[in-house]
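Q: Supplied in structure tokens, the structure appears directly below.
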Amino acid sequence: MFEKYFFITLLFFVGIVKSYMRVDYPYEVRLASLKVENQNVKMAYMDIAPSVPTGKTVVLLHGKNFNGYYWKDVISALTNKGYRVIVPDQIGWGKSDKPNVHYSFHLLAANTKALLDLLKIDKVTVLGHSMGGMLAARFSLLYPKMVEKLVLENPIGLEDYKTFVPYQPLEELVVKEKNATYDSYKKYQQSYYPIWKPEYEQYVAAQAEALTDPEFPQTAMANALTYEMIYEQPIVYELKDIAVPTLLIIGQADRTVVGKDLLTVEQKMNHGNYPALGKMANQQIKGSQLVELDGIGHIPHIQDLEQFKNALFKFL
-9 MFEKYFFITL
1 LFFVGIVKSY
11 MRVDYPYEVR
21 LASLKVENQN
31 VKMAYMDIAP
41 SVPTGKTVVL
51 LHGKNFNGYY
61 WKDVISALTN
71 KGYRVIVPDQ
81 IGWGKSDKPN
91 VHYSFHLLAA
101 NTKALLDLLK
111 IDKVTVLGHS
121 MGGMLAARFS
131 LLYPKMVEKL
141 VLENPIGLED
151 YKTFVPYQPL
161 EELVVKEKNA
171 TYDSYKKYQQ
181 SYYPIWKPEY
191 EQYVAAQAEA
201 LTDPEFPQTA
211 MANALTYEMI
221 YEQPIVYELK
231 DIAVPTLLII
241 GQADRTVVGK
251 DLLTVEQKMN
261 HGNYPALGKM
271 ANQQIKGSQL
281 VELDGIGHIP
291 HIQDLEQFKN
301 ALFKFL
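Take the sequence shown: its letters are residues -9 to 306, numbered as in my numbering.
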């Protein structure tokens, strides 16, 4: 009887932790005012100065299921080397506003440029992870004179998802996003790593904070609209047009596919093959460098920060 009572109490306590766990951004969050489709919106960002500056700046672009928080260890590694680091939460994510607009990689790139213009920064290295890799590639295509170097960390979009993932109407995507739970977020993030570790829980908590926000319906709509953005706006056909020095850091155990739950078993075996996708991108992006990390999944900078830093700083 005691064991049963203890187990129920433990489950209740775990539920409380899941509901109230909070993560703090590692540095001061500031807000930039932007105009998007005639709406006044706020874009959150961190701007971290090094103690001994080199005069160079790195912009970190987050993935779809993340925000600026998960860059915390990369930020400190860069500032320790003298880099100024700019970390935006894109409109629709994190601490930024989540307007109901037509989301596009062109729009997010233009917003990022507007932020850099506001900060009077005209030359940057752009590092994008996952969806942020698609955005970093688009930014480099739109504003090549601003980009000193480009780093793509396990970018999605190295396949054209709409050619093999079944289409889902927006209303279905919105319902799916509104039905999200802490556990569904965690289950998805668990697929990013070959082995799940307790220290990864904080990144689930960072995403799940939105679930208790009174404005969660707006977040759910933004999540659905940005799924459409990824699905409908492939970057893979333009990799050959990237003309800035580029590094690809590719975890070889990654099998990420946007919309993977809609695929057959056979399709899952034929897509999301990052060892092959990394080599393809390396061939398409002229003069690019490819670093393959064995045993590493979708987020090298979290799973193995040291290997990630070694690859990054050798390139920088």
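The beta-carbon is built from N, C-alpha and C at its ideal position, and this holds for glycine as well.
#1: Please report the straight-line C-alpha distance between D203 and Q242, rounded to a whole angstrom.
#2: I'd like to know whether the C-beta atoms of G285 and P184 end up nearer to each other than 8 Å.
#3: For A266, count neighbouring Cβ atoms within 10 angstroms of its own Cβ and tell me buried if that reaches 16, exposed if not.
#4: Where D79 and W61 are concerned, what is the direct C-alpha to C-alpha distance, given to the nearest angstrom?
#5: In chain order, which alpha helix (DSSP H) runs of at least 4 residues are fully inside the stretch 244 to 280?
#6: I'd like to check one pair, M136 with I220: are the Cβ atoms closer than 8 Å?
#7: Where does I146 sit, in a helix, a strand or coil, going by DSSP?
#8: Roughly how many whole angstroms lie between the Cα atoms of L283 and F95?
#9: Can you name the residues that DSSP bridges to P78?
#10: In the DSSP assignment, find the unbroken alpha helix (DSSP H) run with A233 in it and report its ends.
#11: For H291, which residues from the same chain have a beta carbon less than 6 Å from its beta carbon, with the 5 sequence-adjacent residues on both sides left out?
#12: Just confirm the distance between the C-beta atoms of A198 and N57, as a whole number of angstroms; I'd bet it's less than 8 Å.
#13: Exposed or buried, D308, counting other C-beta atoms within 10 Å across all chains shown (16 or more means buried)?
#14: Compare the beta carbon distance of L24 and N101 with 8 Å and say whether it is the shorter of the two.
#15: Any contact of the stretch 163 to 178 with the stretch 211 to 225, i.e. 3+ C-beta pairs under 8 Å?
#16: Kindly list the residues whose CB is nearer than 8 Å to the CB of V26, restricted to its own chain and excluding five residues on each side of it in sequence; keep chain order.
#17: Taking the alpha-carbon positions, what's the S86 to N70 distance?
#18: Taking the alpha helix (DSSP H) that R128 belongs to, which residues open and close that run?
#19: Could you name the residues of the same chain whose beta carbon sits closer than 6 Å to that of Q29, not counting the 5 residues immediately before and after it, in chain order?
#20: Which of the three DSSP states is assigned to V141 in this structure?
#21: Are the Cβ atoms of I76 and D37 separated by less than 8 Å?
#22: For F303, is the classification buried or exposed, using 16 other Cβ atoms within 10 angstroms of its Cβ as the cut-off for buried?
#23: Assign T171 to one of three DSSP states: helix, strand, or coil.
#24: How is the beta strand (DSSP E) around T47 delimited, first residue to last?
#25: Would you call the CB atoms of V48 and T115 closer than 8 Å?
#26: Sort L148, Y227 and G118 by Cα distance to V248 and report the nearest one.
#27: Less than 8 Å between the beta carbons of P134 and A67, yes or no?
#28: Please report the distance separating the alpha-carbon of G53 from that of Y217.
#29: Using a Cβ-Cβ cut-off of 6 Å (strictly less than) and excluding sequence neighbours within five positions of K230, which residues of its own chain qualify?
#30: Suppose you measure from the CA of Y93 to the CA of R128; what does that come to, to the nearest Å?
#31: In the structure shown, what three-state DSSP assignment does G58 receive?
#32: In chain order, what residues of the same chain have a beta carbon less than 6 Å from the beta carbon of P16, not counting five sequence neighbours either side?
#33: Starting from L24, follow the beta strand (DSSP E) in both directions and report where the run begins and ends.
A: Let me spell this out:
#1: Along the sequence shown, read from residue 1 onward, the residue named residue 203 stands at position 213. Along the sequence shown, read from residue 1 onward, the residue named residue 242 stands at position 252. Answer to the nearest angstrom: the Cα atoms are 36 Å apart.
#2: Reading the sequence shown from its first residue, position 295 is the one you call residue 285. Reading the sequence shown from its first residue, position 194 is the one you call residue 184. Yes, Cβ-Cβ distance for G285 and P184 is below 8 Å.
#3: Working through the sequence shown from its first residue, we reach residue 266 at position 276. It is exposed - the Cβ of A266 has fewer than 16 other Cβ atoms within 10 Å.
#4: Taking the first residue of the sequence shown as 1, we reach residue 79 at position 89. Taking the first residue of the sequence shown as 1, we reach residue 61 at position 71. Going by the C-alpha atoms only, they are around 11 Å apart.
#5: 255 to 260 and 264 to 274
#6: As a working mapping, residue 220 is identified with position 230 in the sequence shown. As a working mapping, residue 136 is identified with position 146 in the sequence shown. No; because the gap between Cβ atoms is not below 8 Å, this pair is not in contact.
#7: The count along the sequence shown starts at 1 and reaches residue 146 at position 156. Reduced to three states, the DSSP call for I146 is coil.
#8: The residue you call residue 283 lines up with position 293 of the sequence shown. The residue you call residue 95 lines up with position 105 of the sequence shown. Each residue's alpha carbon lies about 28 Å from the other.
#9: Counted from its first residue, the sequence shown places residue 78 at position 88. Answer is Y35.
#10: Looking up residue 233 in the sequence shown gives position 243. Per DSSP, A233 belongs to no alpha helix (DSSP H) and is neither H nor E.
#11: Residue numbering aside, residue 291 sits at position 301 when the sequence shown is read from its first letter. Cβ within range, chain order: V64 and F298.
#12: Walking along the sequence shown from the start, residue 198 turns up at place 208. Walking along the sequence shown from the start, residue 57 turns up at place 67. Not really, about 12 Å apart at Cβ, beyond 8 Å.
#13: With the chain represented from -9 up to 306, any question about residue 308 goes unanswered, as that position is not in the structure.
#14: One-based indexing of the sequence shown puts residue 24 at position 34. One-based indexing of the sequence shown puts residue 101 at position 111. Closer than 8 Å, so yes.
#15: Look at the beta carbons and you see the stretch 163 to 178 touching the stretch 211 to 225: at least three pairs across the two are nearer than 8 Å.
#16: Start at 1 with the first residue of the sequence shown, and residue 26 comes out as number 36. Closer than 8 Å at the Cβ level, and outside the excluded window around V26, lie I81, P89, V91, L97 and N101.
#17: If you number the sequence shown from 1, residue 86 lands on position 96. If you number the sequence shown from 1, residue 70 lands on position 80. S86 and N70: Cα-Cα distance of roughly 27 Å.
#18: As a working note, residue 128 is residue 138 in the sequence shown. Start and end: M121 to L132.
#19: On the sequence shown, residue 29 is found 39 positions in, with the first residue counted as 1. Here the set comprises P89.
#20: As a working note, residue 141 is residue 151 in the sequence shown. If DSSP states are grouped into helix, strand and coil, V141 belongs with the strands.
#21: Residue mapping note: residue 76 aligns to position 86 of the sequence shown, counting from 1. Residue mapping note: residue 37 aligns to position 47 of the sequence shown, counting from 1. Their beta carbons are under 8 Å apart, which means I76 touches D37 by this criterion.
#22: If you number the sequence shown from 1, residue 303 lands on position 313. That one is exposed.
#23: What you label residue 171 is simply residue 181 of the sequence shown in a count that begins at 1. Three-state result, T171: coil.
#24: Numbered from its first residue, the sequence shown carries residue 47 at position 57. First-last of the beta strand (DSSP E) with T47: T47 to L51.
#25: Counted from its first residue, the sequence shown places residue 48 at position 58. Counted from its first residue, the sequence shown places residue 115 at position 125. Cβ distance < 8 Å, so V48 and T115 count as in contact.
#26: Within the sequence shown, the letter at position 258 stands for residue 248. Ranking the options by Cα distance to V248, first place goes to L148.
#27: Stepping through the sequence shown from its first residue, residue 134 is reached at position 144. Stepping through the sequence shown from its first residue, residue 67 is reached at position 77. Cβ atoms of P134 and A67: not closer than 8 Å.
#28: To locate residue 53, count along the sequence shown from 1; it is residue 63. To locate residue 217, count along the sequence shown from 1; it is residue 227. Distance between the alpha carbons of G53 and Y217: 12 Å.
#29: For this step, residue 230 is matched to residue 240 along the sequence shown. Answer for K230: Q274, listed in chain order.
#30: By one-based count along the sequence shown, residue 93 stands at place 103. By one-based count along the sequence shown, residue 128 stands at place 138. So the alpha carbons of these two residues sit roughly 14 Å apart.
#31: As a working mapping, residue 58 is identified with position 68 in the sequence shown. Of the three classes helix, strand and coil, the one that applies to G58 here is helix, per DSSP.
#32: Position 26 of the sequence shown, counted from the start, is the residue given in the question as residue 16. Correct list, in chain order: K62.
#33: As a first step, residue 24 must be located in the sequence shown, where it is residue number 34. Counting along the chain, the beta strand (DSSP E) containing L24 begins and ends at R20 to V26.
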